[in-house]
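Each residue of the sequence shown is one higher than the one before, starting from 16 at the first, in my numbering. Ideal Cβ positions, reconstructed from N, Cα and C, are used throughout, including at glycine. Heads up, the thing below is written out as structure tokens.
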Amino acid sequence: MFRNRCWRLLAVCLCTSLFIAGCKYKADNPRYITDDQGRALILHGLNTSSSAKGHPERMPWIGQSDVEREARDWGFNFVRFLIFWDAIEPQPGVYDEAYLDKVAERVKWYEDQGMYVLLDMHQDLYAYQFGGDGAPPWATITDGLPAEPQSPWWITYLQPGVSRAFDHFWRNDYGLQDHYADMWTHVAKRFKDTPNVIGYDLMNEPYGGTYVWPGFETFQLQPFYERVINRIRTVDQDTWLFIEPQALGINFGVASTLGVIDDPREGEERLVYAPHFYPPFLHEGGAYSDVDKWSF
């Protein structure tokens, strides 16, 4: 259902060496993610994987031999590995350790090949019940509004039930953001000492529901990130935290209004601004155009 987006090859230099958000840019401030010898990392890899979105266990189809080929034949040193809220917390406050064991097993495959891992808390269309992925059923509250699948798939974001579910989340109704932050804290406890887990992508492509740009990023998204970051830093001071702007518009070159976000960790901040960019006509199967060039 979801367009492969060129395998979503991040070719990821993650925007070549990853811009650090919220830094004060002192001369001695590290502006790049570095390896254990202090050298700036150029991360080159891919997304793994869209196949996990519809899998009942939320696991990609790849095996250990595929990871070996990614490192050996393709020369990759990085993977953005999709994980899902509904798989981690199927019931409020109940975490599925068997699922996290499977994630840890695959993270070890990458470690054995010298590859870094970014754990990406993925969502598309808020939840599986809308034809997407992300939130568990207990955290998906539509108030009975409809949410019919549309074509192309991303138009489904405009369905009333999808927007209502996002609205409840952004207002922290029923403590949904608190659950989300606690869930991330549980994941951070599990992986904070895993040497090749380089970062946590806090939410894939946030969508504002009925909260629209530019106010959404300022009044809903930024406080949400601060809530999650503060919770994670109570258990993990070292892992880099990846922050995405709102997806709508920004993915196609519109300027983000997301403000400076502080990292409460001791020492220099470890925040990464991680937007996604899709040439709009190419994204929908057309030819690369002047509009695509302009958007970049």
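- Taking a C-beta distance under 9 Å as the contact criterion, Val122 and Phe257 do not qualify as a contact pair.
- Residue pairing by DSSP places Leu61 opposite Val94 in a beta bridge.
- If you compare the alpha carbons of Asp158, Phe99 and Gln52 with that of Gly69, the shortest gap goes to Phe99.
- In the three-state scheme derived from DSSP, where H, G and I count as helix and E and B as strand, Leu134 is classed as strand.
- At a cut-off of 3 residues, the continuous stretches assigned as beta strand (DSSP E) that sit fully inside the stretch 121 to 179 are 131 to 136.
- DSSP links Val306 through a beta bridge to no other residue.
- Distance from the CA atom of Phe239 to the CA atom of Glu120, rounded to whole angstroms, is 30 Å.
- In this structure, the CA atom of Asp116 is about 46 Å from the CA atom of Asp305.
- According to the DSSP assignment, Val109 belongs to no alpha helix (DSSP H), since it is labelled neither H nor E.
- Annotated three-state conformation of Tyr114 is helix, per DSSP.
- Annotated three-state conformation of Ile276 is coil, per DSSP.
- Inclusion of Ala203 and Tyr215 in the CB contact set at 9 Å is warranted, their separation being smaller than that value.
- Nearest C-alpha to Thr200 among Leu134, Ser178 and Trp185: Leu134.
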